[in-house]
Amino acid sequence: YRLAFLSDTMVNWCPQLGTVLANEEVKEGVSERGGYPVERKLMKQWSLRITAYADRLLNDLDALDWTESIKEAQRNWIGKSEGTSLKFKIQDARIKNQDLEDTFIEVFTTRPDTVFGVSFVTLAPEHELVETLTTPQQKLAVDEYIIFAKNRSERERMADVKKITGVFTGSYVIHPFTGKQVPIWIGDYVLAGYGTGAVMAVPGHDSRDYAFATHFGIEKLIIIQPPVEWDFEKNSYDEKEGTLINSDFLNGLEVKVAIKKIITSIEENGLGKGKTNFRLRDAVFGRQRYWGEPIPVYYENGIPKVLNENELPLVLPEVDKYLPTETGEPPLARAKDWQYSPSPSERGQGGEVFPYEYSTMPGWAGSSWYFLRYMDAHNENEFVSKEAANYWQNVDLYIGGAEHATGHLLYIRFWTKFLNDLGLIPVTEPAKKLINQGMIQGVSEKIWRWVFVKGSSFPPVVNERISYFEVSVIINNNKITKKLSSETSNIFVSSELRKKYNSGVGSNGLDFIIAWTSQQNVDINLLKETRLSFDSNCELDISQFLNWNNQDNNSVFICEGGYWQNGLFTEFYKDGNEKNKFYTAPEVEKMSKSKYNVVTPDKIVEEQGADCLRLYEMFLGPLEQSKPWNTSGISGVSNFIRKLWRLYHNGDVLNISNEPATKPELKTLHKTIKKIGQDIENFSFNTSVSSFMICVNELTDFKCNKREILEPLAILLSPYAPHIAEELWNKLGHTESITYATFPVCNEDYLIESSFNYPISFNGKTRFFQEYDRSLSKEDVEKEVLTLDQTQKYLEGKAPKKVIVVHNKIVNIVV
RNA sequence: GCGGGUGUGGCGUAAUGGCAGCCGCGCCAGACUUAGGAUCUGGUGCCUCACGGCGUGGGGGUUCGAGUCCCUUCACCCGCACCA
112 YRLAFLSDTM VNWCPQLGTV LANEEVKEGV SERGGYPVER KLMKQWSLRI TAYADRLLND
172 LDALDWTESI KEAQRNWIGK SEGTSLKFKI QDARIKNQDL EDTFIEVFTT RPDTVFGVSF
232 VTLAPEHELV ETLTTPQQKL AVDEYIIFAK NRSERERMAD VKKITGVFTG SYVIHPFTGK
292 QVPIWIGDYV LAGYGTGAVM AVPGHDSRDY AFATHFGIEK LIIIQPPVEW DFEKNSYDEK
352 EGTLINSDFL NGLEVKVAIK KIITSIEENG LGKGKTNFRL RDAVFGRQRY WGEPIPVYYE
412 NGIPKVLNEN ELPLVLPEVD KYLPTETGEP PLARAKDWQY SPSPSERGQG GEVFPYEYST
472 MPGWAGSSWY FLRYMDAHNE NEFVSKEAAN YWQNVDLYIG GAEHATGHLL YIRFWTKFLN
532 DLGLIPVTEP AKKLINQGMI QGVSEKIWRW VFVKGSSFPP VVNERISYFE VSVIINNNKI
592 TKKLSSETSN IFVSSELRKK YNSGVGSNGL DFIIAWTSQQ NVDINLLKET RLSFDSNCEL
652 DISQFLNWNN QDNNSVFICE GGYWQNGLFT EFYKDGNEKN KFYTAPEVEK MSKSKYNVVT
712 PDKIVEEQGA DCLRLYEMFL GPLEQSKPWN TSGISGVSNF IRKLWRLYHN GDVLNISNEP
772 ATKPELKTLH KTIKKIGQDI ENFSFNTSVS SFMICVNELT DFKCNKREIL EPLAILLSPY
832 APHIAEELWN KLGHTESITY ATFPVCNEDY LIESSFNYPI SFNGKTRFFQ EYDRSLSKED
892 VEKEVLTLDQ TQKYLEGKAP KKVIVVHNKI VNIVV
């Protein structure tokens, strides 16, 4: 395989950012960062052939100790489906003077058994045969539809209900088994990027084909016997079970048997063959950004050549600005000498030079192998030596965010397998165990930008929810109309109006304007007041906002009663009811720099210390759980630290006794040692903090200041509160760091109790307690319990049906 | 629609099938205080004056015993989604 290859690929191009984006960097048709529109564009791009590893990436998941949700997400993302390809011969050979004798439409299907139910074939609008197949009579309709489909991604935002759209090409194929003519349609429910971009439509047994056929009045054939009560007026019968009917030589067969038989028949007749399809696409590897590893390739007469290994590393050049050039080329095009010289000594003296690649690698390039480099970070000759790689193997425990499920965590597995194939590393998986830590969430503030696209000549769909009047209020304003001539404009909509302006079509007299609102984050510090409640409206400080992140000073801010521009407020209606507040809306999401919702812990560190912050974060809840950042409970942890400090001190003076510890003190200590040990194994840090609190509370009650207890306690605490533990350790007279101290071991002898306080329950309800010696046998406990007055009281004179005694645990009497 | 996950006091949460609510926040009362947003002590699931009863989203089941296991249902969160 050529794992890295240059090809014309449909990419997600974001004009505002001037770069290509990966699928996972695009959310709902706009860039994840900034919320700018993203369009499909054909570009020459470097890609990595991750699809070559699809099967292995899928199969090796089973053996990994990763969470089921991540594994499942990867399985879905890889999306393996087994089916058959099948060729349909095109009927009319005279179209456009082309010889179509040997031209076929190839489809992919997982249900070849339904082939006798095919009543049409649907092509994706981008399918290469669309133009050829369109008859002159249908040309106008098809052309219009293609334009429509291109803009569909934008249009989708307008429609609440997904619409069924399509058009007839005018051409037919011949059914390979019945010889009947079958119409060829174009529909955008067929994706160009999956399978062959063409499907055989079986409306009787596929809900999407059913909907399409119903909408366009195409015949539906029933070829699998459904349950008697099935109503084909309402639904197709999609189940993969039943007996075939109206299907020639498949009649009477069960679906599973029929699939095998038809595949054999298809293959024998040379019509196609069994095939596996993956949803996974090859990964676009170039980015038109400055920051990123340069791709070590130069172009000799337009042919890409890779650098020799001894010419690496290729280091980023100096540029005057980290922005695309005026002509839209990547930032590296700004560099002066970004050229390769085959003979460097002749450089600048007439020696040959060739331009380097302008694209750089995406972020996931580095993140896919850094764990290997860490094994041997100072090696100048290799990225990692065999010895180091063999010694360290793979990562034992990887703690990372679940949001990387189908990005980084897939790529890192891909690179590991690839490096293993080259024999450079001994492992095929990067991490044995993966824990997804929950994300600390923050309250973000959202604003909505009104985005416009000029409509094409097709009739626009008018969304009833927005009236022409409201649109014209905005659009007929001169300043804004000027803005509308560009693809997007900085018109912001106050949060309470976002639904109203969510979508719409208007006209400025020349073009139809399609509009929708695009959500983006705004710095939480730009509000006029601090947000106190989640439900209340918070006002944006517009002038501060304009100074933030190079905003366009001419931006318009639409409020309920008018709009702000350049510090002036213009009312929509002269009713004196000046509703001029521009609101943001809150949302709890991942706390992240890119979401501008970060609350820095500096204040807490300053006032309560880094250990307090650290303990509090652990105390908040289980590691895997996401939780909003809320510091209201931090005083509990702060109190705990002070209480701990007081154990070792009298006032400000260290006060430690060398007396031997008492039994209860030792019990408290060893109970804690045991619990902390278990908690660390289980990553249950929240319960650790809780047991430290219990320990310190008990020792405080004992007024214990004994070295025999407090020294091991400091060590026990050191992974949780390293600073304070180190300081106490030092004060206790140690000169070496606590890091080197031996972790305490639990001595079970201190935990043994001589008696046990049995809960005595009746029909499962605990009524009272009775203490017995732990050595007392089950039978004796039963005997003793039955003689008690209390027992007789709850028996109310009845004889017990059954008495269950679980030794040193519980007594349950069934009445 | 498919997949994954979560439902326990006012809140964050805890409980190898064995006393539901540990630990903390908040709240209430008290002590020391000129003062308390400091510190300490006690209380705090709900209903009830009380005896007692009810309680882990709802319904059912297994069990001597269910927050925990099984079935079913609802709600919410996350991921994927015309994937043929």
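In the numbering used here, the protein residues as written are 112 to 926.
Glycine included, each C-beta is placed from N, C-alpha and C at the ideal position.
Rounded C-beta distance between F231 and P287? I'm assuming under 8 Å. The Cβ separation is near 14 Å, so there is no contact.
What is the rounded straight-line gap between the Cα of K152 and the Cα of Q127? 14 Å
Which residue's Cα is closest to the Cα of P223: W480, R186, P435, V313? V313
Could you compute how far the alpha carbon of W840 sits from the alpha carbon of T773? 22 Å
Top-ranked residue by Cα proximity to E491, from F796, L423, G461: L423
Inter-residue spacing [alpha-carbon to alpha-carbon] between E352 and K367: 7 Å
Find out if the Cβ-Cβ distance for the pair E776, F813 is shorter than 8 Å. yes
For E717, is the classification buried or exposed, using 16 other Cβ atoms within 10 angstroms of its Cβ as the cut-off for buried? exposed
Closest Cα partner of V807 within the set L821, T798, N797, S795: L821
Report the residue from D349, E330, G328, I329 whose alpha carbon sits nearest the alpha carbon of P337. D349
Where are the alpha helix (DSSP H) runs, 4 residues long or more, that stay fully inside the region 731-794, in chain order? 745-759, 774-793
Of the listed residues F525, D448, Y467, nearest to R160 (C-alpha basis): F525
In chain order, which alpha helix (DSSP H) runs of at least 4 residues are fully inside the region 807-856? 818-828, 833-842
Short Cβ contact (8 Å threshold) for P466 with Q450: yes
So, with DSSP's three-state summary, where would you put K345? coil
Please report how far the alpha carbon of L520 lies from the alpha carbon of L530, in whole angstroms. 16 Å
In the structure shown, what three-state DSSP assignment does Y164 receive? helix
If you measure from the CB of L637, is any heavy atom of the ligand GDP nearer than 7 Å? Summarising the ligand content, the structure contains no ligands, and the ligand GDP is consequently not present.
I think T539 touches D171, with their Cβ atoms under 8 Å apart; what is that distance to the nearest whole Å? 7 Å
With 16 other CB atoms within 10 Å as the buried threshold, where does P855 fall? buried
Among L780, S829, I257, D634, nearest to D722 - alpha-carbon criterion: S829
If you reduce the DSSP assignment to three classes, tell me which class M311 lands in. strand
Measuring alpha carbon to alpha carbon, tell me which residue in V495, I863, R392, V554 is nearest R484. V495
Can T276 and D254 be called in contact, C-beta distance under 8 Å? no
What residues in its chain sit with their C-beta under 6 Å from that of G308, if we drop five residues either side in the sequence? A235, H238
Check L533 in the structure and name its three-state DSSP category. coil
Residue interval of the alpha helix (DSSP H) (run including V366): 366-379
Does the separation of the CB atoms of K432 and Q552 fall below 8 Å? no
Across the region 874-887 and the region 846-862, are there enough close Cβ pairs to call them in contact, namely three or more that are closer than 8 Å? no
Compute the beta-carbon to beta-carbon distance between S456 and G397, rounded to the nearest angstrom, for a pair I have assumed lies under 8 Å. That belief does not hold up - the Cβ atoms of S456 and G397 are roughly 31 Å apart, past 8 Å.
Could you pull out every residue in the same chain whose Cβ sits closer than 7 Å to the Cβ of P537, ignoring the five residues on either side in sequence? A500, N501, Q504
Can you tell which of F873, R642, L887 has its C-alpha closest to the C-alpha of S865? L887
With a threshold of 16 other CB atoms inside 10 Å of the CB of W480, please say whether the residue is buried or exposed. buried
Whole-angstrom distance between L117 and N708, CA atom to CA atom: 39 Å
Hey, would you say L425 sits closer than 8 Å to L418, going by beta carbons? yes
Here's a check: name, in chain order, each residue in its chain whose Cβ is nearer than 7 Å to the Cβ of V896, leaving out the five neighbours to either side. I871, Q881, T902, V922
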